[in-house]
Structure formats: C-alpha cells, structure tokens
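Residue numbers (the working numbering), protein chains in the order written: chain A, 110 to 320; chain B, 110 to 320.
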C-alpha cells in the first residue's frame, strides 16, 4: 500500500516562505504562471513572500492543464505496465497569443508554479508549450532577440523521487532554475485543499514525522 | 483604528465547505471563474467540495483583475472623500474570445469566486464584462438563444456590510445567485495567504470571538 503523507495548510505556507528567498535570489521572476488547479494555492502564497517593499506584486497568470492516462492500446498489455499507457495533457485554459497575454512573457523571467512534480509530464508540457508560444509571439512582433532572453524556472511544493516520463529542457535543473521545497519518495501526498475533514487531516499530519 | 479580523486557512476551508451545499443546490455551477489572486484559494478548495462522485471536477477558469484608486482630480477635494476618488479596474488576465474560452461559458451556470466583496467594484466589473463578452461570443457563433440562458452567480468568503460603489445585475441577489459565507462589518480582513508569520496569525485568530 502506498504511504500517505498529509500536508497541512500551514506547512504549505511555510514551504512557500522558505523557498521564497532562493527564488528571489536565483530566479528573480517578473511573472508567475500558476498551473491550475494545483498551482493556485502555492502561487498565491508565494506572491506574498516575493513582494518587495515599494515594488508592485509579481503578477500571476493562470493556465489550466489536465493529465489523463490513456488506456493501453492492446489487450495483451496489462494495464499496470506504465510504458504502454500513454499520458495525454489537455489544456483547459491557456494564455492568449492575440491579446498580448503571451507577449507579456517575452524576455521575462517566468516562474511556473505547481503543487507536485510527479511523472513530470505536466511540467514538461507547460515549459515546452509556453516556450514555443513565447517564441512565436516574439517572432510575430519582430522581437526575436528579446524573446531569446526569456527564462523559465519551475517551483513545486514536492518533487517525487521516481522515474520521470517528462523531461525539462537541458540546463534548467543544472542552472538552478528548478526548485522543489521538498523531495519525497513515491508517496501519496494529501494536500489540505482536498481534505473532506480538515481537522482529521491535521490530526493525521501531526502524527507523522516532521520534515 | 479599523478592527483587524484574522482568518486561518482552516476557517477558509470550512467556509467553503459549509457554502458548498447551498451552491450545489441553488447555483448548480458548470464552471467556476476565479478572480485572481484572491479567488484562487477559495476556488480551489470549493472545487473539492463541489465534486460529486462519478462526475468530473468542475473546471476553473482564472481571470486577473486589479483595483486601483485613482487620485482625486482637484487639489481642493481631500483624498479622504470617497466619492471624488474614482476606482479603476484593470485586467491582468481575461478569457479568450477567439480560442473558445469565452464560448465555453455560453448557456452555462457560471460561478464567479473571489475572497471578499468590499466596495463591490471588482465584482460589478467581472459580472458585467463577462456577461457582455459571453453575449458577443454567442452572437458570433449564432447561439443567441443559448447565450440568453447563461446564468452568473457569485461566491465570496466575506461580504463587508458597507456602502457599495459597484452594483450587481438586477435580480442576482433577489434570485439567490449571490452567496457570502460570512457577512462582516467594515473591518480589515487578514487572510492567511498574506501572513508573514502564520503561527502568530493563528494565535491572533484564536484570541478572537469565533463566528
């Protein structure tokens, strides 16, 4: 049975707080992209901790991505074989190429925020497709040089140590543009916003060893 | 001095939980629109409680609105006079008319979610502009009749009892398409995602009378 790990709201808050210093130092983001629904809460909390006195809030743009497991293609492949079951990412919301939402990213330092890096499929999709569309927007506007300076970084609350299906661009991890507040095993992470009984959730979290 | 009211994450969670029954019964939303950044957290929590077994999650689309107080136009009007200082709503993110994001709202029951209804200016803007753009999308697609069935409702964590600058459409409140989990006086609400020290925040919240 997969181990369940219960995370309280205040733990999420503190994970964002302690990661903010590194994000400000290393990534210096001008803009956040929250991957909805999981990225909404950490992105909103992070915004408070990234605010510097006298400067405006770092704007958050939201995108929506859903990950579906597609069924194995032949009956002979058991459904438990992960290599045969594909994963499909679908967009439920995206940034608008025509209304300058995408153009706002040109030349910027963009921090993509999600709750968990599990198979990395969603993150790969987000980074790759945003990068592609920002390049297209830069070309459309004749701002290729500026577009080449666009830098994406990633922040997640938890990274699961496991075989990843998705890949991030070369250099992103090595150049320190990937931050996970915590690295965990292949556990079942129970986030507070999914809890039916938040008091019970907190009680279970308190029984766990603190990390 | 304005009274400060401290709200914990778990209180926000429970406000969403207890409002979900009414929202499911009365509004029956097909779709949520989170007004970012304040609406992100309640919208994500609410999604968990609106989920019915066997049905998919209710999708969340995010929009971004910022409220600026414009300066009084003449030096003779003191800056404390609220009637002379205008308020300007600016869009930091919007739904896309061309890529069907807006068309997804045609004929739907759409729940707009924000943290607080203060002067009502942002909510008036959101409802009015979304309504206008959904009508435009319906007309563009020759789906006017369906478009006429689009119903907007509003959920906020807190409604402040005060003179409102913004107005919601006729009938919205009377037809029960407006829900605030709590109605409060004109107090300073401290949401947990703005807290620098979340333990101190919780301590201050615990000292307050519970509502």
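Quick reminder that beta carbons are idealized off the backbone N, C-alpha and C, glycines included.
Residue 163/A carries a coil assignment under DSSP once its states are collapsed to helix, strand and coil.
Taken in chain order, the members of the segment 302-319 of chain A whose beta-carbon sits within less than 8 angstroms of a beta-carbon on chain B are 302, 303, 304, 305, 307, 308, 311. The beta-carbon distance between residue 233/A and residue 291/A, rounded to whole angstroms, is 21 angstroms. This is too long to meet the 8 angstroms contact definition. Annotation for residue 268/B: 225, 226, 289, 291, 292, 293 place their beta carbon closer than 8 angstroms to its own, counting only its chain and skipping 5 residues before and after.
The segment 230-292 of chain A contains, as complete beta strand (DSSP E) runs of 3+ residues, the segments 260-269 (chain order). Looking at the DSSP output, residue 308/B shares a beta bridge with no other residue.
One Cα belongs to residue 162/B, the other to residue 253/A, and the distance between them is close to 48 angstroms. Exclusion of the five residues before and after residue 173/B leaves 145, 201, 202 as the residues of its chain whose Cβ lies within less than 6 angstroms of its Cβ. Listed along the chain, the chain A residues whose CB falls inside 7 angstroms of the CB of residue 202/B are 170, 171, 210.
For residue 126/A, the secondary structure class from DSSP, reduced to helix, strand or coil, is helix. Ranked by Cα distance from residue 281/B, the options 259/B, 176/B, 299/B are led by 259/B.
Here residue 215/B is not near residue 235/B, since their CB atoms are 8 angstroms or more apart.
The alpha-carbon separation between residue 310/A and residue 141/B amounts to approximately 26 angstroms.
In terms of Cα proximity to residue 176/B, the closest of 165/A, 307/A, 178/A, 176/A is 165/A. The CB of residue 153/B comes closer than 7 angstroms to the CB of 146, 149, 150, 302 in chain A, given here in chain order.
Contact annotation: residue 237/B and residue 274/B have beta-carbon atoms that are not nearer than 8 angstroms. Take residue 302/B, set aside five residues on each side of it, and the residues of its chain with a beta-carbon closer than 7 angstroms to its own are 150, in chain order. Neighbours of residue 123/A across chain B, judged by C-beta separation under 8 angstroms: 307. For a cut-off of 8 angstroms, the C-beta gap from residue 127/B to residue 170/B is around 24 angstroms, too long to register as a contact.
Closer than 8 angstroms to the CB of residue 177/A there is not a single CB belonging to chain B. For the segment 274-291 of chain B, there are no residues whose beta carbon sits under 9 angstroms from a beta carbon of chain A.
In terms of Cβ geometry, residue 133/B and residue 159/B form a close pair [threshold 8 angstroms].
Annotated as proximal: residue 112/A and residue 296/A, with beta-carbon spacing under 8 angstroms. When the Cα atoms are used, residue 286/A and residue 139/A turn out to be separated by approximately 14 angstroms. Below the 7 angstroms Cβ cutoff, chain B contributes 146 as neighbours of residue 156/A, in chain order. Between residue 143/A and residue 206/A, the C-beta spacing is not below 8 angstroms. One alpha carbon belongs to residue 219/B, the other to residue 196/A, and they sit about 29 angstroms apart. Taking 8 angstroms as the CB threshold, residue 118/B lines the interface with chain A.
Residue 200/B is bridged by DSSP to 174/B. The beta carbon of residue 120/A is closer than 8 angstroms to those of 314 in its chain, skipping five residues each way along the sequence.
Here residue 297/B is bridged, per DSSP, to 113/B.
Close to chain B, meaning a Cβ-Cβ distance shorter than 8 angstroms, is no residue of the segment 212-244 of chain A at all.
The continuous beta strand (DSSP E) containing residue 143/B extends over residues 140-145. At a cut-off of 8 angstroms between beta-carbon atoms, residue 135/A makes no contact with chain B. The CB of residue 295/A never comes closer than 7 angstroms to any CB in chain B; the least such distance is about 23 angstroms.
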